[in-house]
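To start, the structure itself, in structure tokens.
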Amino acid sequence: MKDTYDLQISTNAAAGGLFNQALRSLAGFDADVVERAQGVREADPGFALGHCVFGYVMMLAYSRAALAPAADALHAAERHAAGATPREQAHVRALASWIGGDIDSALRQWEAVLAQFPRDVLALRLAHANYFWLGRREEMRASLERVAPRWGEDSGFMACLAFALEESGEYAAAERYGRRAVELDPTEVWGAHAVAHVLEMQRRADEGIAWLAGLEPHWTGKGAFLHHLWWHRAMFHLARREFDAVLDLYDRRFRNLSSPLVAALPDFHVDVQNAASMLARLELRGVAVGARWEELADKAEARIGDVLSAWTVPHWMMALGATGRDASARAMLANLRASDSALMREVAAPVCEALLAHRRGHHGLVIALMAPILGRLRELGGSHAQRDVLVQTFSDSSRRAQRVA
Ligand SMILES: [Fe+2]
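So that you can map any letter, position 153 of the sequence shown is 189 in the numbering used here, and since no number is skipped, the others follow by simple counting.
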């Protein structure tokens, strides 16, 4: 049968219908994506791409704990790959590369799929997400622009394009595509997010608050990505120096430990980024944040050595530094310095050491550690808005060390 995007899939009608729903949940950042993907596997255990989607969803957690279930799904997919189409087989190979730590190979395979099947939403979204987390904004944009003629006015596609344009500094075009995506589908959270980024970069805080507040009624059923939208709203309040509103959003919206979404995955990478980054930004402005760092530090200690999410690593270190957990901080630093990854050794390690030095008031050291690598911060991934927390830390030390120039 054919999927929503008119691509051939090797399964029955029932599992195919569930597969289409899983694709929609994945692209829509819905809370039910894991159970949807699991449902596809159960409906047709012989459907290689069904297993593959589950593996992809696991990998998108960027957590070492997710590697085992992802590998289980890969093995099931490989067992049934012989009868699959070449496109489906390419996905199985891409998943194997990703799990094996070779994300560049996975990206090449997704791009090869897109060259032949420009409407393959899995390849499109996985390339988009991974270029983003790798800090490769040019590739993120080019990947979308190559297939744009085949997507036209598709809300999900326009949301991706809007975000890629925003990260490229093309704010007017980004805002136009983002607003159009949301106009076509008010539940399009990635499009809402792209517009929020434009408003953040252009310091349009009042509009940003109104934009997100107006869309909130359409977010029923969305997953943890909602927390990131609430974080963006808090960023607008931070710009207006409404610190009580920021802390209220923190406690009730994006770091509510008793919410089902947080309970389901308490150390989800974007959640940790949202939380730690906001506490750091508040403290840079002299706002006391109470004991909020402690639970983050607990999770940080459990993730020492897990660097699958490069951009989360400095956030883990922020929590260890803020809570004075020196032994754990040293263990994390040692792990980064001994890493096989040049990014961890050359960028993450000095950034993390600088975050600790900032905490201790060693501002000259912060400058010495960070100045040589300011141009490489983007390799850690994340958005301009997110990475600004590191630049703010550097600026704070420059000011305190009286070395503003
Ligand atoms: Fe964002």
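All C-beta atoms in this analysis are idealised placements derived from N, C-alpha and C, irrespective of residue type, glycine included.
Own chain, CB closer than 8 Å to residue i, minus 5 neighbours either side, in chain order
i: Leu150; result: Asp156, Ala159, Leu160, Ala163, Ser179, Arg182 and Val183
i: Gln238; result: Tyr207
i: Ala19; result: The structure shown has nothing for residue 19, since the chain only spans 37 to 441.
Pair within 7 Å by beta-carbon distance, residue i and residue j
i: His264; j: Thr223; result: no
i: Ser433; j: Val402; result: yes
i: Met354; j: Leu410; result: no
i: Ala97; j: Gly257; result: no
i: Gly91; j: Ala109; result: yes
i: Gly244; j: Ala198; result: no
i: Ala437; j: His394; result: no
i: Arg216; j: Ala241; result: no
i: Gly52; j: Ile45; result: yes
i: Ala299; j: Leu285; result: no
i: Leu320; j: Arg328; result: no
i: Gly250; j: Ala230; result: no
i: Val69; j: Leu62; result: yes
i: Phe65; j: Gly192; result: no
Distance between residue j and residue i (C-alpha atoms, nearest Å)
i: Gln57; j: Glu206; result: 33 Å
i: Ala148; j: Met94; result: 22 Å
i: Glu331; j: Ile340; result: 15 Å
i: Ala246; j: Met37; result: 44 Å
i: Ala311; j: Val325; result: 11 Å
i: Glu252; j: Ser364; result: 39 Å
i: Arg77; j: Glu124; result: 15 Å
i: Gly82; j: Cys196; result: 32 Å
i: Asp424; j: Val323; result: 18 Å
i: Val308; j: Thr348; result: 7 Å
i: Trp169; j: Val306; result: 11 Å
i: Ser375; j: Asp342; result: 10 Å
i: Glu189; j: Phe272; result: 29 Å
i: Arg289; j: Ala232; result: 17 Å
i: Phe261; j: Arg366; result: 31 Å
i: Pro154; j: Tyr41; result: 10 Å
i: Arg212; j: Trp267; result: 22 Å
i: Ala404; j: Glu203; result: 28 Å
Other residues of its chain near residue i: CB distance less than 7 Å, five sequence neighbours each side excluded
i: Val143; result: Checking the displayed sequence, the identity of residue 143 turns out to be Leu instead of Val. Around Leu143: Ala163 and Asn166.
i: Glu415; result: Gly171, Leu379 and Val383
i: Gln74; result: Phe90
i: Ser313; result: His351, Gln422 and Val425
i: Trp134; result: Met95 and Ala142
DSSP three-state assignment for residue i, whether helix, strand or coil
i: Asp66; result: strand
i: Gln438; result: coil
i: Gln44; result: strand
i: Asp287; result: helix
i: Pro350; result: helix
i: Trp146; result: helix
i: Pro154; result: coil
i: Ser99; result: coil
i: Asn56; result: helix
i: Ile245; result: helix
i: Arg239; result: coil
i: Ala327; result: coil
i: Pro105; result: helix
i: Phe430; result: helix
Residue i - partner residues in DSSP beta bridges
i: Lys258; result: Asp66
i: Lys442; result: This structure does not reach residue 442, given that the chain is present from 37 up to 441, and the question cannot be answered.
Contact set for residue i: own chain, Cβ-Cβ below 6 Å, skip 5 residues either direction
i: Lys335; result: Asp303
i: Cys88; result: Ala113, His127, Val128 and Leu131
Cβ-heavy atom distance, residue i to ligand 2, below 6 Å
i: Ser179; result: Ligands present in the displayed structure are limited to ligand 1, and ligand 2 is not among them.
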